Structure formats: C-alpha cells, structure tokens
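In my numbering, the protein residues as written are 63 to 358.
Just so it is clear, CB atoms sit at the ideal spot from N, CA and C, and this is done for glycine as well.
Bear in mind that the values here come from a model prediction, so they are computed numbers and not experimental data.
Below is one structure, written out as structure tokens, with a few remarks after it.
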Amino acid sequence: RPPPPRLGALVAARGCRSCNAAYSRGERTMFRVATLLTLAVGAAGLYVPNRAGLYVPKAGNGILRMSTPAEPEPEVDPRRPDPDRKTNIPVRMPVVDVGDGQMDVVSRLLKDRVLLLGQQVNDDVANVLVAQLLYLASEDPDKDITLYINSPGGSVSAGMAIFDTMQYVPCDVSTVCFGMAASMGAFLLGAGAKGKRRALPNSRIMIHQPLGGAQGQAADVEIQAKEILYIREILNSYMAAFTGQPSSKIETDCDRDFFLSPEEACEYGLIDEVVTTKTSHLPKPPMPVLEDLFTA
C-alpha cells in the first residue's frame, strides 16, 4: 500500500479514494488530525507553505530580540486619501549651515557629543553608535557623552554591543529618555552613568524578558533554549546592578511587560532624575484599574 503522507501535506485522507481503501479508519483519522494541526500552525504564523505544499518553519524565528510588539496598521478607505499614510518618500534630516557648507543636524549634534538612538536596535544602528562612541572617546576621553533614547528595543546582540562600548570608553555616557524606552531601549537607559540617567516627564519605560524562537531538530531546539535562558539571566543580573533591586524582583517584574512612568522608574532605580519642563507642574491622571473599568 502507498506510504503515509507527511505531517506537512495539505491532503485530507478522505479526499483520496485510493487512500481510503488502503488505510484503516484509525489511520485516516490520524491523517485528518495531522492536517488540522498543520493548518493551525500555519495560521499562527509559525510555519509557511513551500512550493511542494509542505509547511516549513518560518524564517527568522531563531533571532533573539527584545522589543515591543508591532502595532497593527489601521484600515484605510481607498476612496479617501489618508494624509498620514506611509509613502515611499524618504525622511530627510534637517540641515544646518556650518562654515562654508551644510551639515545634517545629527552630525551637528555629534560635534556637541550628543548621540541619538531613535529607532529599533539592530546591527546597522549599533555599528553607527559604536563608531560614534569610540570617536568621541578618542577625541576627548574626559568629557561626557549624552545618549538620547527613543526606541522600542530590538536585537539583543546589537544592544549588548552598544552596552559594552558604553562601559568600555573612559568617559561617562549619560542617558536621556524621550518618547519610549522599551525593552533593550530601557536596558541601555539604565546602563548610563550612575547619577546621569534622566527621562522627560511624559516618556514611558518598559522592561520585559527577551523574546526568541527555535527551529530545527530537537538538539538544535535544546541549544537555543539554553542560550535564551542564559541571556535572560545575564540581562536580569545587569538590571539588578543598574537599579539596586534584588534579582528575584527583577525576574518577577520582567516576566511580562512591566511599564513605568518616569517617576516610577526613578523610584525603581532605573533612572536618577525626571527632567523638569514647562508643563511639569500640570497634574497627571492616576493609572486606571481594570476592575473599575469592568464594573463601571
């Protein structure tokens, strides 16, 4: 009789008369269950079909990341143009006049030893920041560098490259959060020089455990699982050193997304100061309680 179909094949046993005649009722039921499982993992986005119709692991599941989940794109009515819709027009940085020419504002800030992390942390961003840190440290090893952070997080390895360079250069690196410092962004915020970590009053800070995935044979999955657990322990130990909190509390708080206001982050030990602005005197509403929302 013909060989049994593979677990990735999208062929139900009941759809093939020859298979129904060759296999028992129990075997046909097993094949149908396998088909439903295959469709389920495909719908979850973990596996994608190849040309042969077999579901294979989705590429990129093995990357270890620390980032916030992406927001879904809003539905747009094609009959009405949306002025906020994303286009292919590149974003150009403003330029300033310098001597006989012009310079983009980021390069001009570099002359004042001000760096900007304003996007997701990846290898390209890390390479630029590492180069800037090394250059400024060689130019003046005794003068502070200021790193402004507005980042949802990203690659752990890229973030650790920035972190190691911040600890390697002889000058202090002060950090300032504006907007959102989440995940690896929050880690880099806390990695600034003690006493020189600040946040603007309406910024948000979020910490959590690293996010990753594994694929391949059982031995490969075991290796990836050991690696992500080891990385989590490293990150938690550094966070405990940054904040002065016990490692057990860091582990508990980072088990899920843990959001902090600047005042809460200062009390937590992740930053040292909340920057005063023109609107700092205005009161902020209390954090809503879910039980009150459901009972209202």
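- In the DSSP assignment, no residue is bridged to ASP315.
- Note on the stretch 154–207: whole beta strand (DSSP E) runs with a minimum of 3 residues are 157–160, 163–166 and 176–179, in chain order.
- At a Cβ-Cβ threshold of 9 Å, LEU179 and LEU198 do not count as neighbours.
- The criterion of a C-beta distance shorter than 9 Å is satisfied by VAL218 and PRO272.
- Under a 10 Å Cβ-count criterion, PRO348 is classified as exposed, with fewer than 16 other Cβ atoms of the shown protein chains found around its own Cβ.
- Pairing PRO324 with ILE267 gives a Cβ-Cβ distance under 9 Å.
- DSSP, read as helix, strand or coil, puts THR227 in helix.
- Beta-carbon to beta-carbon, LYS205 and CYS233 are separated by about 6 Å, close enough to satisfy the 8 Å threshold.
- Collapsing the DSSP output to three states places LEU273 in a strand.
- In this structure, the straight-line span from the alpha carbon of TYR230 to that of SER309 is close to 24 Å.
- Around the beta-carbon of GLY163, fewer than 16 other beta-carbon atoms lie within 10 Å, marking it exposed.
- At a Cβ-Cβ threshold of 9 Å, SER213 and MET246 count as neighbours.
- Taking a 10 Å sphere around the C-beta of THR305, we find 16 or more other C-beta atoms and assign the residue as buried.
- Restricting attention to ALA193, GLY274, GLY241 and GLN279, the CA atom closest to the CA of ASN264 is found in GLY241.
- For the stretch 292–348, the full-length beta strand (DSSP E) segments reaching 3 residues or more read 320–322 along the chain.
- Around the beta carbon of THR338, fewer than 16 other beta carbons sit within 10 angstroms, so the residue counts as exposed.
- If you check the CB distance, ALA261 and VAL176 do not come in under 9 Å.
- In this structure ILE211 touches LEU250 by the C-beta definition: roughly 6 Å separates them, less than 8 Å.
- The C-alpha of VAL283 lies about 9 Å from the C-alpha of GLY275.
- For ASN184, the closest alpha carbon among the candidates LYS173, ARG170 and ILE224 is that of ILE224.
- VAL235 sits buried, since 16 or more C-beta atoms from the chains shown fall within 10 Å of its C-beta.
- A Cβ-Cβ separation of about 5 Å places THR227 in contact with VAL192 under the 8 Å criterion.
- Counted as a single uninterrupted DSSP element, the alpha helix (DSSP H) harbouring ALA248 occupies residues 246–252.
- Cα atoms of GLY254 and MET165: separation of roughly 28 Å, rounded to the nearest angstrom.
- Here the alpha carbons of GLY252 and LEU332 stand approximately 5 Å from one another.
- Between the alpha carbons of GLN194 and LEU172 lies a distance of about 8 Å.
- Under the 10 Å beta carbon count, LEU322 is surrounded by 16 or more other beta carbons and is classified as buried.
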